[in-house]
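Participant: Before I ask anything, let me first share the structure, which is written out below as structure tokens.
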Amino acid sequence: MPGVDHCLQEAMTIPGAVGASIVDYTTGFPVATTGAAPNSDHEATAAGTADVVQAANSRSLFVSAVPHDLLEDLIITTAGGYHLLRVVQTEFDSRLVLYVWLDRVRGNLAVARRQMQRLTDELVAT
Amino acid sequence: MPPTKTAGPGDLLSQVAGERQTGALVVGGHPGGAVYVFEGRVIYAESPAAPGVGELLTSSGRLAGRTWQNALDLGTSTARVGRLLVEQGHLTQGELELCVLGATYDAAYFTLATARASVDFLPSATHWLGPVVHIDTAAVLHEVGRRAELLDDIFPDPRIDTAPVSPVTRPPRERVTVTALQWELLIHADGQRTPADLALLLGRAGYATIQELRRLAALGLIELPEVRVPDAPDFFVRLPRHRPGAVPVTRPAPVPEAAPGGPPVDGMPPARGEPPPPEPPPPGVGNTGPNRLARRKPGAKLPKELATENPPVHQGTDEVLLKRIRTALRALR
Numbered sequence: 001m002p003g004v005d006h007c008l009q010e011a012m013t014i015p016g017a018v019g020a021s022i023v024d025y026t027t028g029f030p031v032a033t034t035g036a037a038p039n040s041d042h043e044a045t046a047a048g049t050a051d052v053v054q055a056a057n058s059r060s061l062f063v064s065a066v067p068h069d070l071l072e073d074l075i076i077t078t079a080g081g082y083h084l085l086r087v088v089q090t091e092f093d094s095r096l097v098l099y100v101w102l103d104r105v106r107g108n109l110a111v112a113r114r115q116m117q118r119l120t121d122e123l124v125a126t
Numbered sequence: 001m002p003p004t005k006t007a008g009p010g011d012l013l014s015q016v017a018g019e020r021q022t023g024a025l026v027v028g029g030h031p032g033g034a035v036y037v038f039e040g041r042v043i044y045a046e047s048p049a050a051p052g053v054g055e056l057l058t059s060s061g062r063l064a065g066r067t068w069q070n071a072l073d074l075g076t077s078t079a080r081v082g083r084l085l086v087e088q089g090h091l092t093q094g095e096l097e098l099c100v101l102g103a104t105y106d107a108a109y110f111t112l113a114t115a116r117a118s119v120d121f122l123p124s125a126t127h128w129l130g131p132v133v134h135i136d137t138a139a140v141l142h143e144v145g146r147r148a149e150l151l152d153d154i155f156p157d158p159r160i161d162t163a164p165v166s167p168v169t170r171p172p173r174e175r176v177t178v179t180a181l182q183w184e185l186l187i188h189a190d191g192q193r194t195p196a197d198l199a200l201l202l203g204r205a206g207y208a209t210i211q212e213l214r215r216l217a218a219l220g221l222i223e224l225p226e227v228r229v230p231d232a233p234d235f236f237v238r239l240p241r242h243r244p245g246a247v248p249v250t251r252p253a254p255v256p257e258a259a260p261g262g263p264p265v266d267g268m269p270p271a272r273g274e275p276p277p278p279e280p281p282p283p284g285v286g287n288t289g290p291n292r293l294a295r296r297k298p299g300a301k302l303p304k305e306l307a308t309e310n311p312p313v314h315q316g317t318d319e320v321l322l323k324r325i326r327t328a329l330r331a332l333r
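Residue numbers (UniProt numbering), protein chains in the order written: chain A, 1 to 126; chain B, 1 to 333.
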């Protein structure tokens, strides 16, 4: 049975993955972490992740453009890496995102995005 | 059982964790709660101010109430309710872990955020949910402190976290944007429900609820609670507030002598004299107030039009109260 730790282990097998975490984006708290984080600080990364998700979710109009539209992923690219955020949709009240940091050279955005979709679906699959 | 002592709940939790103990740290006061420790690591926490795993799963519709109840009946005595739900295929391991993690950090905030409270440690007490997650105690304590700071950054008024929520009657600006959770809170706030009531009613995390309420307060969309008189006793039962301008239905109009009127002129009492007692209104038209019933013989039934009228049902509050009682009874098993 895939649990939270298993999900993060799998995330680290995505080509180019350097670090991964599951973040509560209301509080900016890393619920579970593995591998590296930018500046070796999982907490600061989680806080930043939360800010970005909040900005896309509630401080901009993207997700309210169509009724019942929901945020899926956020992809941030930098010169050195890719930062992917995928919202974990649970039926009960939780506001969580899966965050994966990829190395720019070894990572592949399309592959990583599909794998993260599979992981978050498996985590809460019924 | 050691005697109850007053201490910092966080300090005692660190001590218990350092000794790698197993048991429950029960914190008194308001809201209070309990943190369950297994071999020095936190496995669960619960507080009346935070919906537990059962409330989160059932109020969202993720689990039917019956499914949850069955798991409780089967697994409570052996402390493996969580495992049963996964084994029976009602939840995935991931969902269970995420739900327990969320509920634990949520309740831990309400239980441990107080600097001093009456604290008890019940050695070898376990929780019926069973160990699902194992969280480092230092991480819990660190997060509790961080959450308290986050709230004060939004709007530094802790009274909002406990006082009944009243939306303002007129928003302070022409255009208002609220998030989905803020909307839910505003339309369910009725001046009686506290943040904890709202969280239970809506199946939302307690911390997320007060976070949004502080934001609403900062936006000027909810009334600020009245400042409590410092020497007034702590009321654990919240009585309905007397609204200025409301006419008391049980008491007759105050007699001028009893009322503290304006300052007397020249030391003389007001020269108005005693007003004649108000004429008893004729029975019938415009005479249906609860204190205006015609005199009845002892044992006589109420008039039909009044007797059939049901008392107003405050369904949300009842539901919340029943849920709490049910949770409390389960915890005793």
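Glycine included, C-beta positions come from ideal geometry on N, C-alpha and C.
1) In chain order, what residues of the same chain lie with their CB nearer than 6 Å to the CB of Arg159 of chain B, ignoring the 5 residues before and after it?
2) Got a sec: is the Cβ-Cβ distance from Ser124 of chain B to anything in chain A below 8 Å?
3) Buried or exposed: where does Val100 of chain A fall if 16 or more other Cβ atoms within 10 Å of its Cβ makes it buried?
4) To the nearest angstrom, how far is it from the Cα of Leu181 of chain B to the Cα of Glu97 of chain B?
5) By DSSP, does Gly107 of chain A sit in helix, in strand, or in coil?
6) Any beta-carbon of chain A closer than 8 Å to the one on Val285 of chain B?
7) Would you say Thr126 of chain B and Tyr36 of chain B are within 8 Å of each other, going by their C-beta atoms?
8) For Ala218 of chain B, list the residues DSSP reports as bridge partners.
9) Short of 7 Å Cβ to Cβ, which residues in the region 83 to 101 of chain B face chain A?
10) Just the Cα atoms here: how many angstroms apart are Gly102 of chain B and Arg104 of chain A?
11) When you compare only the Cα positions, how much space is there between Leu102 of chain A and Gly81 of chain A?
12) What ranges does the beta strand (DSSP E) occupy inside the region 20 to 74 of chain B, keeping only unbroken runs of at least 3 residues that lie completely in it?
13) For Gln211 of chain B, return the contacting residues in chain A, with the cut-off set at a CB-CB distance below 9 Å.
14) For Pro38 of chain A and Val132 of chain B, what's the separation of their Cα atoms in angstroms?
15) Hey, how far is the Cα of Ile22 of chain A from the Cα of Cys7 of chain A?
16) When every heavy atom of the ligand MN is checked, does at least one fall within less than 7 Å of the C-beta of Tyr36 of chain B?
17) Can a CB atom of chain B be found closer than 8 Å to the CB of Val53 of chain A?
18) Identify the contact partners of Tyr207 of chain B in chain D, using a Cβ-Cβ distance below 8 Å as the criterion.
19) Is Arg86 of chain A helix, strand or coil when you go by DSSP?
20) Need the endpoints of the beta strand (DSSP E) that Leu74 of chain A sits in, please.
21) Give the straight-line distance between the Cα atoms of Ala271 of chain B and Gly191 of chain B, rounded to the nearest whole angstrom.
22) To the nearest angstrom, report how far apart Pro48 of chain B and Gly220 of chain B are at their CA atoms.
23) How would you list, in chain order, the residues of chain B whose beta-carbon sits under 7 Å from the beta-carbon of Ser58 of chain A?
24) With a threshold of 16 other CB atoms inside 10 Å of the CB of Gly284 of chain B, please say whether the residue is buried or exposed.
25) What's the gap between the Cα of Asp120 of chain B and the Cα of Leu332 of chain B?
26) Could you run through the region 112 to 146 of chain B and flag, in chain order, every residue whose CB is less than 7 Å away from some CB of chain A?
27) Rounded C-beta distance between Gly130 of chain B and Gly3 of chain A? I'm assuming under 8 Å.
28) Roughly how many angstroms lie between the CA atoms of residue 133 of chain A and Glu149 of chain B, to the nearest whole one?
Facilitator: On the basis of the data shown:
1) These residues qualify, in order along the chain: Pro225.
2) Residue contact check for Ser124 of chain B against chain A: no CB pair falls below 8 Å.
3) By the 10 Å Cβ count, Val100 of chain A comes out buried.
4) Their backbone Cα atoms lie some 23 Å apart in a straight line.
5) In the structure shown, Gly107 of chain A adopts coil according to DSSP, grouped into three states.
6) Its pLDDT being 49, under 50, Val285 of chain B is placed unreliably in this model, and the coordinates cannot settle the point.
7) Going by C-beta atoms, Thr126 of chain B is nearer than 8 Å to Tyr36 of chain B.
8) In DSSP, Ala218 of chain B forms no bridge with anything.
9) Of all residues in the region 83 to 101 of chain B, Val86, Thr92, Gln93, Gly94, Glu95, Glu97, Leu98, Cys99, Leu101 have a Cβ within less than 7 Å of some Cβ in chain A.
10) Pairing Gly102 of chain B with Arg104 of chain A, the inter-Cα distance amounts to about 33 Å.
11) Taking the straight line from one Cα to the other gives about 6 Å.
12) As far as the region 20 to 74 of chain B is concerned, its whole beta strand (DSSP E) runs of at least 3 residues are 23 to 27, 33 to 38, 41 to 46.
13) Within chain A, the residues near Gln211 of chain B are Thr26, Thr27.
14) Across the structure, Pro38 of chain A and Val132 of chain B are spaced so that their CA atoms are roughly 30 Å apart.
15) In a straight line, the C-alpha of Ile22 of chain A is about 9 Å away from that of Cys7 of chain A.
16) The ligand MN is not part of this structure, which contains no ligands at all.
17) No, Val53 of chain A lies away from the interface with chain B (no Cβ there is under 8 Å from its Cβ).
18) In summary, chain D is missing from the structure at hand, where the protein chains are A and B.
19) Reduced to three states, the DSSP call for Arg86 of chain A is strand.
20) Here the beta strand (DSSP E) through Leu74 of chain A covers 73 to 77.
21) At Ala271 of chain B the pLDDT is 46, less than 50, meaning the model places this residue with poor confidence; the figure from the coordinates comes in the next sentence. Cα-Cα distance, rounded: 42 Å.
22) Their backbone Cα atoms lie some 27 Å apart in a straight line.
23) Going along chain B in sequence order, the residues near Ser58 of chain A (Cβ under 7 Å) are Thr179.
24) The predicted model places Gly284 of chain B with a pLDDT of 48, which falls under 50 and marks its position as unreliable, so this point remains unresolved.
25) Going by the C-alpha atoms only, they are around 16 Å apart.
26) Listed by position, the residues of the region 112 to 146 of chain B near chain A (Cβ gap below 7 Å) are Glu143.
27) About 14 Å separates the two Cβ atoms, so there is no contact after all.
28) As displayed, chain A neither begins before 1 nor continues past 126, which places residue 133 of chain A out of reach and without an answer.
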